[in-house]
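S.K.:
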Amino acid sequence: MKTRLFTLVLVALAVAACGQAAAQIPVLDDLMIELAVEPHPPAVGEATLVITVTDADGAPVEGAMVAVHGDMDHAGMEPVDGESDEGAQGVYRVPFTWTMGGGWILDVTVTLPDNRGRATERFEVFVEAVSSDSILNQSVGDGATQHDAGGGDSMEMEMGGGDASSHERDDGSE
Ligand SMILES: [Cu+2]
Numbered sequence: 002m003k004t005r006l007f008t009l010v011l012v013a014l015a016v017a018a019c020g021q022a023a024a025q026i027p028v029l030d031d032l033m034i035e036l037a038v039e040p041h042p043p044a045v046g047e048a049t050l051v052i053t054v055t056d057a058d059g060a061p062v063e064g065a066m067v068a069v070h071g072d073m074d075h076a077g078m079e080p081v082d083g084e085s086d087e088g089a090q091g092v093y094r095v096p097f098t099w100t101m102g103g104g105w106i107l108d109v110t111v112t113l114p115d116n117r118g119r120a121t122e123r124f125e126v127f128v129e130a131v132s133s134d135s136i137l138n139q140s141v142g143d144g145a146t147q148h149d150a151g152g153g154d155s156m157e158m159e160m161g162g163g164d165a166s167s168h169e170r171d172d173g174s175e
């Protein structure tokens, strides 16, 4: 009985401490948080999350700290976290890794300088199971095994073998 009471007191203390820390940063509901994923469409492997933050007037929010917490929509996966660079003109870039294809849930938290405020926005992203480097993925553009994830046709194809035959000028200096 005595130990149980002791445990309860400890838990109560922990909750109180958490509440205090959170209360120091006001939650903002007028920040606009937008997400773009590079490369697009998202595929297993390295990625960059491009997050644009604007205020109620549409002005870019500078000097913020942007953190991303990613979970898959099924159990048993390690979450993936990322933190932004310093940002410029309200655009922040977060290096990220899609560790598996499927449904992802991203919580993007923006913290203003000097803890003046904080906002969190949730995004859902579908990630192709095929690596972005795979030849399977690169042939999607041919319509062979098209898997339309409902997005626009913004697939970027990288054609191998640079065209080295630049213009040969005949400047007539003979
Ligand atoms: Cu998974």
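All letters in the sequence shown, in the order written, are residues 2 to 175 by this note's numbering. Just so it is clear, CB atoms sit at the ideal spot from N, CA and C, and this is done for glycine as well. Computed from a prediction, not measured in an experiment: that's the story for all the values here.
For D86, which of helix, strand or coil comes out of DSSP?
M.R.: If DSSP states are grouped into helix, strand and coil, D86 belongs with coil.
S.K.: Smallest Cα separation from T49: which of L29, T55, D56 and L36?
M.R.: The residue with the shortest Cα to Cα distance from T49 is L36.
S.K.: Between which residues of its own chain and F97 is the CB-CB distance below 6 Å, once the five residues before and five after are set aside?
M.R.: Closer than 6 Å at the Cβ level, and outside the excluded window around F97, lie A48, L50 and G83.
S.K.: Report the three-state DSSP secondary structure of D30 (helix, strand or coil).
M.R.: In this structure, D30 counts as coil in the three-state DSSP scheme.
S.K.: What do you get for P114, buried or exposed, if any count of 16 or more other CB atoms within 10 angstroms of its CB means buried?
M.R.: With fewer than 16 other Cβ atoms within 10 Å, it is exposed.
S.K.: Using alpha carbons as the reference points, say which of V81, A89 and G64 lies closest to G71.
M.R.: It is V81.
S.K.: Are P179 and E129 close, meaning C-beta to C-beta below 7 Å?
M.R.: Nothing can be reported for residue 179: it is not among the residues displayed for the chain, which extend from 2 to 175.
S.K.: If you measure from the CB of M33, is any heavy atom of ligand 1 nearer than 6 Å?
M.R.: M33: no, Cβ never under 6 Å from ligand 1.
S.K.: Nearest-angstrom Cα distance between Q90 and L32?
M.R.: Approximately 15 Å, taken between the alpha carbons.
S.K.: For ligand 1, any of its heavy atoms closer than 6 Å to the Cβ of M66?
M.R.: No, ligand 1 has no heavy atom inside 6 Å of this Cβ.
S.K.: Using the Cβ count rule (16 or more neighbours within 10 Å means buried), how would you classify A60?
M.R.: Classification of A60: exposed, given that the 10 Å Cβ count is below 16.
S.K.: In chain order, what residues of the same chain have a beta carbon less than 8 Å from the beta carbon of D149, not counting five sequence neighbours either side?
M.R.: At D149, the pLDDT of 42 sits below 50, so the modelled position is not reliable and the matter cannot be decided from this model.
S.K.: Might you give, ordered along the chain, the residues of its own chain that have their beta carbon closer than 8 Å to the beta carbon of V62, omitting 5 neighbours on each side?
M.R.: Closer than 8 Å at Cβ, skipping near neighbours: L32, V54, T55, D56, G91, V111 and L113.
S.K.: Anything with a beta carbon under 5 Å from a heavy atom of ligand 1 counts; list them all in chain order.
M.R.: This selection yields M73, M78 and M101.
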